[in-house]
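Below is one structure, written out as structure tokens; the observations come after it.
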Amino acid sequence: MELVCPAGTPAALRAAADAGADAIYCGFADETNARNFPGLNFSPEELSRGVDYAHGRGAKVLVAINTFAQAGSTDLWKNAVDNAADCGADAIIAADIAVLDHAATRHPDLRLHLSVQAAANTPEAIRFYTETFGVKRVVLPRVFSVTEIAALNREIDVETEVFVFGGLCVMTEGRCSLSSYATGKSPNLTGVCSPPDHVDYAEDEAGRMKARLGGFTIDCFERGEPAGYPTLCKGRFSALGRSGYLFEDPVSLNAFELLEELAKAGVTALKIEGRQRGKAYIAGVVGAFRKAVDGLSGGADARAAISALKAMSEGGQQTTGSYRKTWR
Amino acid sequence: MQDLHTNLSLPPVVSTLIEPLPRSPIEALLSVFTRRLVARRPDLLRRLGAVVHVPIAIVPDDMPHAFLLSLDADNSRVAICEKNEIGDAEAIIRAPFLVLLGLLDGTYDGDALFFSRDLRIQGRTEYVLALRNTLEEANLTCGEFFGLADAPARWVDDITRSLLAQVRHFASVSAEWSNRAPGRHS
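Chains as they are written, first to last, in numbering that gives the first Met the number 0: chain R, 0 to 327; chain D, 0 to 185.
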């Protein structure tokens, strides 16, 4: 299986390539990609140099142009596709049908991957994208069990890519409006879930940290209590006299134990989340999963390296997410 | 590999020893090397975006003073001030000194430090994020900060890496010993 790794900066791209990534995904520094955070992402020149570096180490570069183009103003997205092609990218990851159509029409030799933002989770939806735009790979939403992935793979004739580590999104991706509701900005249209200019942290003298998004208090962490990202879906809510996480806990996905099952389910590629993370995360997680994937074919035992990743996890916790639906 | 950082605070004696040091020459040196770095790497200013000119306070928990950082093309400045004199800062970053150094050179991941509460931020989160991501790209080793290249840079980086590893080990052992002392609770 191919190991697909994140890069938010050229330095992170080099770290991913050096740590053994088979492919590295990244995006331009604008609203065309779903990690449009301050200080992150690539200019076309940086991407071009990054492609050279990655190719020199045998890694592919996939460019995420995976937000939804704004009606009547699609040039930014079309230019991003053209720039990615000019830079020598190996594939584009897109969700919007206008972006997919532009890429398929203008750059027929450029490989297309369907972003998780398209939330394509039925054979019918997936076949629409493969037959209409020639999509070669589908990044599956993080809502399937391994059994469901195996069943889906039997019904489609396209590569599938699944997340194996990092932040979890349990919503219908590409259609979630929680961030829009609180801030007016969303990962779908502006490329930011919980934009940092709407995030505010305040710590009192007792070390209690209050996290607010768009003026809404979404969580309070006691001194020393592990924290999570400031997203509404990971907020702690009080209702009917009880407090708790309504949608999901602050926790990171770790599907290391399921790699063999995912391979048997027909998965082509394993994706690590975290374009917003630093080089230490990239090097640590990519290195550990490189070992783990190699371990499937008789390489060294990766358990120690994978165990060390707990310190990288949101809230200091890990889960196998929906791959094992223990709540059923 | 990132590990738990809670034991990375310097012993209080370090703060006591640093307190009387004259601030002006240290400020001048840090400002000069920061200006030179910004001049060498204009890409970093582009990446900083809106953070240019914005004063950001960096507050090492285990040091007597705070640093007030202001970056721009012509007049980047590092000021050393009392911890209660950072009122002008648009954003504040707090962590033990060794953790902050690890963030500068990419040894630690900022999000992981935030999750573990070793790194705390206040004020304009977007400025903190832009600065963090720019530092990630800067690869700010000691050699890079002092404008060295090739063999001298590698030599300085090797020495500082080894020295920092020893200091981190010492801080960790010292904290463990301190926590085990009678009457202390971890």
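Even for Gly, the Cβ is constructed at its ideal location relative to N, Cα and C.
(1) Using the three-state DSSP reduction, which class does His54 (chain R) fall into: helix, strand or coil?
(2) Is the CB of Gly277 (chain R) under 7 Å away from at least one CB in chain D?
(3) Alpha carbon to alpha carbon, how far is Gln69 (chain R) from Ala78 (chain D)?
(4) Run through DSSP, which three-state label would Glu158 (chain R) get?
(5) Less than 8 Å between C-beta atoms, sequence neighbours within five positions excluded: which residues of the same chain meet that for Ser14 (chain D)?
(6) DSSP has Leu61 (chain R) in a bridge; who is on the other side?
(7) If contacts are defined as beta-carbon pairs under 8 Å, then Glu247 (chain R) and Gly166 (chain R) qualify, I think. What distance do you get, rounded to the angstrom?
(8) Considering only the beta carbon of each residue, do Gly314 (chain R) and Gly227 (chain R) sit closer than 7 Å?
(9) Helix, strand or coil: which one does DSSP assign to Arg183 (chain D)?
(10) Report the start-end ranges of each alpha helix (DSSP H) in the segment 2-55 of chain D that is 4 residues or longer and not cut off at the edges.
(11) Below 6 Å CB to CB, which residues in the same chain sit around Leu139 (chain R) once its five sequence neighbours on both sides are set aside?
(12) Quick check: is the beta carbon of Thr8 (chain R) nearer than 7 Å to any beta carbon in chain D?
(13) Would you identify the three-state DSSP class for Met311 (chain R), choosing helix, strand or coil?
(14) Would you please state the rounded distance, in angstroms, between the beta carbons of Leu70 (chain D) and Val31 (chain D)? I believe it to be under 8 Å.
(15) Just to make sure I have the definition right: I need the residues of chain R whose C-beta is within less than 7 Å of the C-beta of Ala129 (chain D). Which are they?
(16) Return the first residue and the last residue of the alpha helix (DSSP H) that Gly186 (chain D) is part of.
(17) Under three-state DSSP, which class holds Pro9 (chain R)?
(18) With the cut-off set at 7 Å, would you say Ala79 (chain R) and Ile64 (chain R) are in Cβ contact?
(19) Hey, is the segment 276-284 of chain R in contact with the segment 186-199 of chain R, meaning 3+ C-beta pairs nearer than 8 Å?
(20) From the DSSP output, in three-state form, read off Ala238 (chain R) for me.
(21) Check Arg93 (chain D) in the structure and name its three-state DSSP category.
(22) Since Ala152 (chain D) and Gly142 (chain D) are thought to touch, with beta carbons under 8 Å apart, how far apart are those beta carbons, to the nearest angstrom?
(23) Find the residues of chain D that neighbour Gly223 (chain R), judging by a C-beta separation of less than 7 Å, and give them in chain order.
(24) To the nearest angstrom, how far is the alpha carbon of Ala83 (chain R) from that of Gly146 (chain D)?
(25) Below 7 Å on C-beta distance, what does Ile120 (chain D) contact in chain R?
(26) Between the Cα of Asp203 (chain R) and those of R:His197, R:Cys219 and R:Gly286, spot the shortest distance and give me the residue it belongs to.
(27) Where Ala150 (chain R) and Val266 (chain R) are concerned, what is the direct C-alpha to C-alpha distance, given to the nearest angstrom?
(28) Contact criterion: CB-CB distance below 7 Å. Does Ala18 (chain R) meet it with respect to chain D?
(29) If you follow the alpha helix (DSSP H) that Phe127 (chain R) is in, where does it begin and where does it stop?
(30) Nearest to Pro225 (chain R) by alpha carbon, out of R:Arg126, R:Ser176 and R:Gly206?
(31) For the beta strand (DSSP E) that Ile79 (chain D) lies in, which residues bound it at each end?
(32) Contact defined as beta carbons within less than 8 Å: I believe Leu61 (chain R) pairs with Ala22 (chain R). What is the distance between those atoms, to the nearest angstrom?
(33) Around the C-beta of Leu3 (chain D), are 16 or more other C-beta atoms found within 10 angstroms, so that it is buried, or is it exposed?
(34) What are the boundary residues of the beta strand (DSSP E) that includes Leu200 (chain R)?
(35) Comparing the C-beta of Asn6 (chain D) with each C-beta of chain R, is any distance below 7 Å?
(36) Name, please, each residue of chain R whose Cβ falls closer than 7 Å to the Cβ of Glu175 (chain D).
Quick look at the numbers:
(1) helix
(2) yes
(3) 44 Å
(4) strand
(5) Asp61, Met62 and Pro63
(6) R:Tyr24 and R:Ala90
(7) Not quite, the Cβ-Cβ distance comes to about 10 Å (not below 8 Å), so this is no contact.
(8) yes
(9) Only weak support is given to the placement of Arg183 (chain D): the predicted model assigns it a pLDDT of 48, under 50, and the question is left unresolved by the model.
(10) 11-17, 22-39 and 41-47
(11) Thr159 and Val161
(12) yes
(13) helix
(14) So it is not a contact: roughly 14 Å between Cβ atoms.
(15) Pro37 and Gly38
(16) Residue 186 (chain D) lies beyond the stretch modelled for chain D, which goes from 0 to 185, so this question has no answer here.
(17) helix
(18) yes
(19) no
(20) strand
(21) strand
(22) 3 Å
(23) Arg116
(24) 33 Å
(25) Tyr200
(26) R:Cys219
(27) 11 Å
(28) no
(29) Pro122 to Phe132
(30) R:Gly206
(31) Arg76 to Glu81
(32) 6 Å
(33) For Leu3 (chain D), the predicted structure reports a pLDDT of 48, less than 50, and the residue's modelled location is therefore unreliable. A value from the coordinates is still provided. Label assigned to Leu3 (chain D): exposed.
(34) The residue you asked about is not Leu; residue 200 (chain R) is Tyr in the sequence shown. Run containing Tyr200 (chain R): Val198 to Glu202, per the beta strand (DSSP E) assignment.
(35) no
(36) By Cβ distance, chain R contributes nothing, its closest Cβ being about 17 Å from Glu175 (chain D), past 7 Å.
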